[in-house]
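Each remark here refers to the structure printed beneath this line.
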Amino acid sequence: MLILKKLLKYYLIIIAIFLLGRIVLFGLYFERFSTTDSNYFLSFLYGLKMDTIVASMLLVIPLVILTFSPKSLAKISNLFLRLYFIVVLGLIIYIENATFPFFTQYDVRPNFKFVEYLEYPIEVFNMIIADYKLSLFIAFLMIGIFIWFFLKQTKDSFMPILESSMKTRLLWFLPLALLLFIGIRSSFGHRPANISDAMYSNNRILNEVTNNSLYSVGYAIYANQKYASKVMKLYGKMPVAQALTRVEERLGIQGNDLNSTSLFSRLEKSHFPSEKKKNLVIFLQESLGYQFITPEITPELLKLKKESLWFSEAYSNGTRSIRGIAGSTAGFLAVPGKGVLKRSKSQSGFFTFASLLKPLGYHSMFLYGGEARFDNMRSWFLGNGFDEIVEEKDYVNPINIGTWGASDEDLANKGNERFSALYAEGKPFAAIMFSSSNHSPFDIPEGRIEPVKKGEKCVENAIQYADYAIGKFFADAKKLPYYKDTVFVVVADHNIRVYGDDVVPVNMFHIPALIMGEGIEAQEYTKISSQPDVLATAIDYLGKDLHYPILGQSIFSDNKQELTLLQFNENYALRVKNKVAVVVPNQPAETYEYVNEHLKRIEHDVELEKDALAFVITLNHLYNKQLYK
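The numbering of the sequence shown is my numbering, which starts it at 2 and goes up by one.
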């Protein structure tokens, strides 16, 4: 009976902490789901199931030690268990505290993002110290109070159990192990409960409140490793050949040999043939959502709009820089699991515009204000056709160095310097410049802009400065000889933060994009486009007939389709005009209509849903079989 009481006590403590966190989250975001048709109080019932799964897992080790530890090791086992519960309960307190700022930033409970950037401790530490001092202080204060109370006040001991008869403990083991097994499984059905059990509502925010943060992080780590090999098990089954055919038809790709070692590669003839080898410069903007394109925040971009091909309905691949980089430099869509920049099979031999143009004698480079090791960018670029990396260490007397490196203004200056030098040498070049100023904690130089929010380090001011740097880059470039022979692209990698009540908040993937250069007619393209579409259009302007596998089309091609594929956490949305099919792991696909920037569930479009699944399977197949080249 002692062992039952002890485990029950800690079960209730764990559940109480989780419940308190859920109550606070429920109150903070109540307005976001108060009008839903779902019974939102079921959030606590389903939430208890998720909490029980976690609590039961955490109690397995104590049960084993309390049962099988010999009396001779009672003191050591007692010390271990006290330390174990200090660590476990401290971790729970920390992650429940961390949930609130994380939810504010990403509109979800902690997931894989929560742990992924721990491999960059300096950058992450500086960002946390700059932006989350209060949250960090509260979390560690609560953990400190808990440890003090646990050690000094409770005097909790496991000795009475550890010194009791082994026979008595063994008698309790099977029933308690069965209870924990039931708790972990939390289902008497064919399948054990999983994260899908928290997704009982049509309102995504309510589902997030229902979920458990510790489970969400653990599941994300597990799923991220498993998606590559178990895509069909998670999203649905479809023969690969059928998936490839569906994607080919949906993208309007013709002349593709599905038995080729370079799937989707086809000859695309330029609509602007030229004898010159025109240069290509892509200025990739960090976290620039379309909602910020206003006269107050982005006056320079709006000036450029008048002299460029402007994409008013461009959408990002996903919510991470690595997804935007893959879309803008490789014309690839978001693969399940980790992005291709961080995956082993895409570190070499993966298509990029650099590998495309290298046979034509182009010098390709990646320019960044920070350290190129971040997000494995250096390795990926150098392994896939790029000749040169410019990063923080290469800036001499920079205007400003912040947490994330040299400022966008420094990047613009360095770009014009390098491009002019290459042009003077007679070398055609292709480059991607990646901005970084619009990144928390928003370190920007003083005296460059009249901030829209005075005295604040905020997104709006950072974007205003990024816009200033864009304007300066083009103003200076126009004075330089290389400008007349260069195609320029400005496109965002993703939005500043993707939030919303929908299962996939489509409107938060909306990004600005433009293409400009001498001889490029100013016009506005109002149909749906993806980052691969933008890349294909820019390459079209280079004036050469080229073979490539880009998963998009030039807007001047008769085969251009009005669609985009969006990845939000583990969810995928295939949008074709204003109809959207969504596939979610371990759940049936759904069809929605996109109305007034929200998804409205409608009758199933089975073919569209199959096409959405086909994209997921195809992307996974292209990566795993190394067929995107």
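From the three backbone atoms N, C-alpha and C, an ideal C-beta is built for every residue, glycine too.
In chain order, what residues of the same chain have a beta carbon less than 8 angstroms from the beta carbon of residue i, not counting five sequence neighbours either side?
i, result
"Ile-18", "Leu-90, Ile-93, Ile-94, Glu-97"
"Ile-14", "Leu-90"
"Ser-329", "Ile-283, Leu-285, Ile-433, Val-490, Val-492, Asp-494, Gln-532, Val-535, Leu-536"
"Ser-39", "Tyr-201, Ser-202, Asn-203, Asn-204, Leu-207"
"Pro-161", "Leu-3"
"Arg-449", "Glu-410, Tyr-466, Tyr-469"
Locate the alpha helix (DSSP H) running through residue i, then write down its first and last residues.
i, result
"Val-88", "75-107"
"Ile-185", "167-186"
"Met-160", "160-163"
"Val-61", "61-69"
"Tyr-542", "532-542"
"Arg-205", "205-211"
"Arg-247", "241-252"
In whole angstroms, what separates the C-alpha of residue i from that of residue j?
i, j, result
"Gly-640", "Lys-428", "Nothing about residue 640 can be reported from this structure: the residues present for the chain run from 2 to 630 only."
"Thr-592", "Arg-344", "31 angstroms"
"Phe-182", "Ile-4", "16 angstroms"
"Arg-379", "Leu-334", "20 angstroms"
"Ile-512", "Glu-32", "27 angstroms"
"Leu-481", "Leu-368", "19 angstroms"
"Val-282", "Asn-398", "24 angstroms"
"Thr-404", "Glu-418", "24 angstroms"
"Pro-452", "Pro-337", "39 angstroms"
"Arg-267", "Ile-206", "43 angstroms"
"Ala-99", "Ala-431", "42 angstroms"
"Leu-342", "Gly-319", "14 angstroms"
"Phe-616", "Asn-579", "18 angstroms"
"Tyr-466", "Glu-308", "21 angstroms"
"Leu-235", "Pro-586", "5 angstroms"
"Asp-376", "Asn-496", "18 angstroms"
"Thr-246", "Val-577", "17 angstroms"
Near residue i, which residues of its chain fall below 6 angstroms by C-beta distance, leaving aside the five closest residues on each side in sequence?
i, result
"Asp-52", "Ile-16, Phe-19, Asn-213"
"Lys-454", "Glu-461, Asn-462"
"Tyr-484", "Ala-478"
"Thr-115", "In the sequence as presented, Thr is not what sits at residue 115; that position holds Phe. The answer, listed in chain order, is Val-218."
"Asn-625", "none"
"Gly-332", "Pro-533, Leu-536, Ile-551, Leu-552, Gly-553"
"Trp-173", "Ile-4"
Start and end of the beta strand (DSSP E) containing residue i?
i, result
"His-548", "547-549"
"Glu-591", "591-596"
"Phe-312", "310-316"
"Ile-1", "In this structure the chain extends from 2 to 630, so residue 1 is not present and cannot be described."
"Glu-1", "Residue 1 is absent from the model: the chain starts at 2 and stops at 630."
"Gln-348", "Element bounds for Gln-348: n/a, residue is neither H nor E."
"Glu-525", "524-526"
"Arg-267", "267-269"
Identify the residues that DSSP records as bridge partners of residue i: which are they?
i, result
"Val-391", "Leu-368"
"Gln-568", "Tyr-573"
"Phe-284", "Met-434, Val-491"
"Lys-601", "Glu-594"
"Arg-379", "According to DSSP, which records beta bridges pairwise, Arg-379 is partnered with nothing at all."
"Arg-449", "Note: Arg-449 sits in no beta bridge, so no partner."
"Arg-33", "Paired residue(s): none; Arg-33 is not in a bridge."
"Lys-580", "Val-577, Glu-594"
"Gln-627", "Answer is none; Gln-627 lacks a bridge partner."
"Gly-237", "None; Gly-237 has no bridge partner."
Please classify residue i as buried or exposed, where buried requires at least 16 other C-beta atoms within 10 Å of its C-beta.
i, result
"Leu-171", "exposed"
"Thr-619", "buried"
"His-272", "exposed"
"Ile-603", "exposed"
"Thr-527", "exposed"
"Arg-192", "exposed"
"Asn-570", "buried"
"Glu-209", "buried"
"Trp-149", "exposed"
"Val-1", "The structure shown has nothing for residue 1, since the chain only spans 2 to 630."
"Pro-71", "exposed"
"Ser-457", "Reading off the sequence shown, one finds Glu at residue 457, where the question assumed Ser. Exposed: under 16 other Cβ atoms inside 10 Å."
"Ile-139", "exposed"
"Glu-447", "exposed"
"Lys-545", "buried"
"Val-607", "exposed"
"Gln-255", "exposed"
Who are the near neighbours of residue i in its chain, counting only those whose CB is closer than 7 angstroms to its CB and skipping five residues on each side?
i, result
"Gly-386", "Thr-353, Ala-355, Ser-356, Lys-359, Ser-365"
"Gln-627", "Lys-346, Gly-350"
"Cys-459", "Phe-443"
Please indicate yes or no: does the CB of residue i lie closer than 6 angstroms to some heavy atom of the ligand FMN?
i, result
"Ile-139", "This structure lacks the ligand FMN; in fact it carries no ligand of any kind."
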